[in-house]
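Read the structure below first, then the notes.
Next up, the structure:
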C-alpha cells in the first residue's frame, strides 16, 4: 500500500478510535448516573490529589482560577486524554493491519485494551473502593474493577466493529476500495461519533446539574448568624465533582482491623443503637482568619467508643483509619476515637443528614478540623501504625487541632461610619473542644482591649456568639478581636498561614469614621 493510502488508513483508524473512546465515555456516564460507578476522571482526580504536594496543589488551584475550576479542568483533561489514547490505538491498529494483517491488528486492539485495564487498576488501586451509591466496601473495589473492564471492553468491541466496517480493502492491504466508498464509510463512522458526542454531552449536562460547583465553598457570613446554623446555610467543602447519592438500603458500616469481634451494621440496625444529641461546631482547615468556613449544628449519633468497645479494640491499636464511600480516608488517634464526644451522626438539626453533609452517616471529631469528620463514612478500621489520610498525603497537618479563633461578621465596615452613631459589632469565637470563656475587642490594633458581651456561650464543643456596642468618634480605627478559651488560654496573636496546619492569628478590620 502506498504512503498516502497508509496515511488515509491511519486517519480512518484514529477516527474509529476516537468514536470507540466516545462509546466508552458514554457508557461510563450511564453507569455513573444509574449505579454510582466512579468514572475515570473522578478516579484519576482523586489519585492525583492524594499524590501531589500541598505546594503543587495550590499552584494548580491558582492556575485554574479556583478549586471548582480545577475540578472542571481535570475532568476535561482526562476526557480529552481518553480520546487521544483511543485515537492512538485506532491509528496504530490501522497501520498494523496494512503492514502485517487484520488478525494482528485485532490482537493489538485486544492486547492494548487489556494493558490499559491492568494499568488503570494498578495506578488507581487506592481509589477503586469508591462507589457513589454506597455499595459496601467489601465489594465496591471488585465492582469498580469489573465496571472498568466492561467499559474498556466496549471500547475494544466498538473499535473492532468500526475498523471492519470502515473498509476491509484497506485493512487487508489492498487498494481496490474507491475513494467515494471509503469516504462514505468515513462519514458513517463520523456520524456514529457525532451521535455519541451528543449523547455523552447530554449525560455530562445531567451530571453537571448534580455537581458540587454550585455549593462547594459555601460560607457562613454576615451580621445575622444565629447560634444554630440551618442545614441549607451550613458551610460545605468537598473534594468531589459530584457528591455521593448513597442508597441507605445498600449502605453498610464495617468495624474492622485490630478488633476481636468485627461488626457490620446496616442503616436500620445502626440507627437502632443507643444515641446521643450533641451540639458541635465544625471548621475547615482552609478557613482563613476571619473566614466563614465554620458552622454549628445539633447532631444525633452513636458514640464511636461504644462501637469500638463492643468490637474489642486490640492492645496494639494506634489509630482509627476511616473510609468513606467516595474514596476519602482519614485517621484519628485511638484515644480520640474513644472520647465520648466522637460520634457517628445520622441526624443534623433534627433531620436526616442532607446529602452534601454525609447522608446517611458521617463522623464528628470535636476539636479537630472538619477534614477529620468524614462524610459518607462506611468503614472504621483499627490499625497499629501511623496511616496518612487523603489530605495528610499532600502534607497537611500534622495534628489538625483547631486553635482558638474569633472574628467580626458584622456590620459591613467597608463603608464609612458616622461619628457619634452607635455601632453594634457582632461575631463568633471558637476554641475547638475547649469552649469560649470570653471575648475582647480592641480599637487600636491590639494595644488595649475591652471585654465584649457573650450573647451565646454554647458548650465546650461549640462556638460562642459575641457583640460589642461602640460609639466611635471621627478617625480611622484598627479593630481587632480575640478570645480566651475555658482553660484560660488567650488566643495567639502570632499569625500563621493556612498551609499546612490551618490559619491562626487575630482578625483585624479597618473602620473609617466620618465627622
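Residue numbers (the working numbering): 1 to 515. Idealized CB from N, CA, C, for every residue including glycine.
- Residue 117 carries a helical assignment under DSSP once its states are collapsed to helix, strand and coil.
- Fully contained in the region 231 to 313 are the following beta strand (DSSP E) runs of length 3 or more, in chain order: 252 to 257, 263 to 266, 276 to 283, 294 to 303.
- Secondary structure note for residue 336: its alpha helix (DSSP H) is the uninterrupted segment 334 to 337.
- Cβ contact annotation for residue 357 (same chain, cutoff 8 Å, sequence separation greater than five): 231, 234, 236, 348, 375, in chain order.
- Bounds of any alpha helix (DSSP H) do not take in residue 346; it lies within the beta strand (DSSP E) bounded by 343 to 348.
- In the DSSP assignment, residue 512 is bridged to 476.
- Between the C-alpha atoms of residue 35 and residue 133 there is a straight-line separation of about 7 Å.
- Listed as beta-bridge partners of residue 415 by DSSP are no residues whatsoever.
- Under DSSP, residue 428 forms a beta bridge with 407, 465.
- If you draw a straight line from the Cα of residue 267 to the Cα of residue 251, it is about 7 Å long.
- By the Cβ criterion, the region 116 to 123 is not in contact with the region 90 to 98, since fewer than three pairs of Cβ atoms, one from each stretch, lie closer than 8 Å.
- By the 16-neighbour rule on beta-carbons within 10 angstroms, residue 323 is buried.
- A straight-line Cα-Cα distance of about 19 Å links residue 254 and residue 144.
- Per DSSP, reduced to three states, the secondary structure at residue 392 is helical.
- Only residues of its own chain outside the window of five on either side were considered, and among them 18, 21 have a CB closer than 6 Å to the CB of residue 83, listed in chain order.
- With respect to the 7 Å criterion, residue 511 and residue 413 are classified as neighbours on the basis of their beta carbons.
- Between the region 377 to 386 and the region 396 to 403, the count of C-beta pairs closer than 8 Å stays below three; the two stretches do not touch.
- For the set 142, 379, 405, 396, the Cα lying nearest the Cα of residue 290 is the one of 405.
- Looking at 95, 200, 504, the one whose alpha-carbon comes closest to that of residue 9 is 95.
- Rounded to the nearest angstrom, the Cβ distance from residue 204 to residue 29 is 7 Å, consistent with a contact under 8 Å.
- Distance between residue 503 and residue 397, taken at the CA atoms: about 12 Å.
- Here residue 226 is exposed. Its C-beta has fewer than 16 other C-beta atoms within 10 Å.
- Rounded to the nearest angstrom, the Cβ distance from residue 277 to residue 355 is 21 Å, too far for a contact under 8 Å.
- The alpha-carbon of residue 506 is positioned some 15 Å away from that of residue 436.
- The beta carbon of residue 477 lies closer than 6 Å to those of 443, 511 in the same chain, with the five residues before and after it left out.
- Under a 10 Å Cβ-count criterion, residue 229 is classified as buried, with 16 or more other Cβ atoms of the shown protein chains found around its own Cβ.
- The C-alpha of residue 197 lies about 16 Å from the C-alpha of residue 78.
- Residue range 40 to 51 is occupied by the alpha helix (DSSP H) that includes residue 46.
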